[in-house]
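Visitor:
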Amino acid sequence: AEQNHHGAQMNLGSMYAAGKGVEQDEDQAFQWIQKAAQGGLALGQFNMGNLHAAGKGTAKDEVQAVVWWRKAAAAKHPGAQLALGNAYNFGRGVDKNQQEAFT
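Numbering-wise (my numbering), the sequence shown opens with residue 741 and increments by one.
(1) Specify, as a first and last residue, the run of the alpha helix (DSSP H) that ASN829 falls within.
(2) Is it the case that the Cβ atoms of ALA757 and GLU763 are separated by a distance below 8 Å?
(3) Nearest CA to the CA of ALA827: which residue from ALA805, ALA799 and LYS816?
(4) Which of the three DSSP states, helix, strand or coil, is assigned to LYS800?
(5) Whose C-beta lies closer than 8 Å to the C-beta of GLY779 among residues of the same chain, with five residues either side of it excluded?
(6) Taking only three categories from DSSP, how would you classify GLY759?
(7) LEU752: buried (16+ other C-beta within 10 angstroms of its C-beta) or exposed?
(8) Considering Cα atoms alone, identify which of VAL803, GLY761, ALA799 and TRP809 is closest to GLY844.
(9) Go ahead and label LEU822 buried or exposed: buried means 16 or more other beta carbons lie within 10 angstroms of its beta carbon, across all protein chains shown.
(10) How many angstroms separate the CA atom of PHE830 from the CA atom of ILE773?
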């Protein structure tokens, strides 16, 4: 992870989030997952959206959640596509838009 391997950063962030093998630490989880996401890892981008939506390791921010989900959805991440569709369907972080929700 410290050698800028995005998959390893994502894994380490997940370990901190769950407290597996390390003490649970939302701030460390956020920092490592953010590195993976900024490096272009779709799973990291999806999880950054989830962290922002839930306010874990950062302030709750549905607009930022949508920004990250959109990046991951563009990389064909199915969970991000679903999260982005739900955001449009329910108007969370974006204006409610049924047409956009189902495309």
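Glycine included, each C-beta is placed from N, C-alpha and C at the ideal position.
Guide: Result, derived from the coordinates:
(1) Residue mapping note: residue 829 aligns to position 89 of the sequence shown, counting from 1. ASN829 -> alpha helix (DSSP H) spans 818-830.
(2) Here residue 757 corresponds to residue number 17 of the sequence shown, with the count starting at 1. Here residue 763 corresponds to residue number 23 of the sequence shown, with the count starting at 1. No, the pair does not count as a contact, with Cβ atoms beyond the cut-off.
(3) Position 87 of the sequence shown holds residue 827. Of the listed residues, the one whose Cα sits closest to ALA827 is ALA805.
(4) Position 60 of the sequence shown, counted from the first residue, corresponds to residue 800. Of the three classes helix, strand and coil, the one that applies to LYS800 here is coil, per DSSP.
(5) Position 39 of the sequence shown holds residue 779. Counting only Cβ-Cβ distances below 8 Å, and skipping sequence neighbours, we find ASN744, HIS746 and GLN749.
(6) Reading the sequence shown from its first residue, position 19 is the one you call residue 759. The answer is coil: DSSP assigns GLY759 none of H, G, I, E or B.
(7) Your numbering for residue 752 matches position 12 in the sequence shown. LEU752 should be labelled buried.
(8) With the chain covering only 741 through 843, there is no way to say anything about residue 844.
(9) The residue you call residue 822 lines up with position 82 of the sequence shown. With fewer than 16 other Cβ atoms within 10 Å, it is exposed.
(10) Here the question's residue 830 lines up with position 90 in the sequence shown. Here the question's residue 773 lines up with position 33 in the sequence shown. Between PHE830 and ILE773, the C-alpha separation is close to 26 Å.
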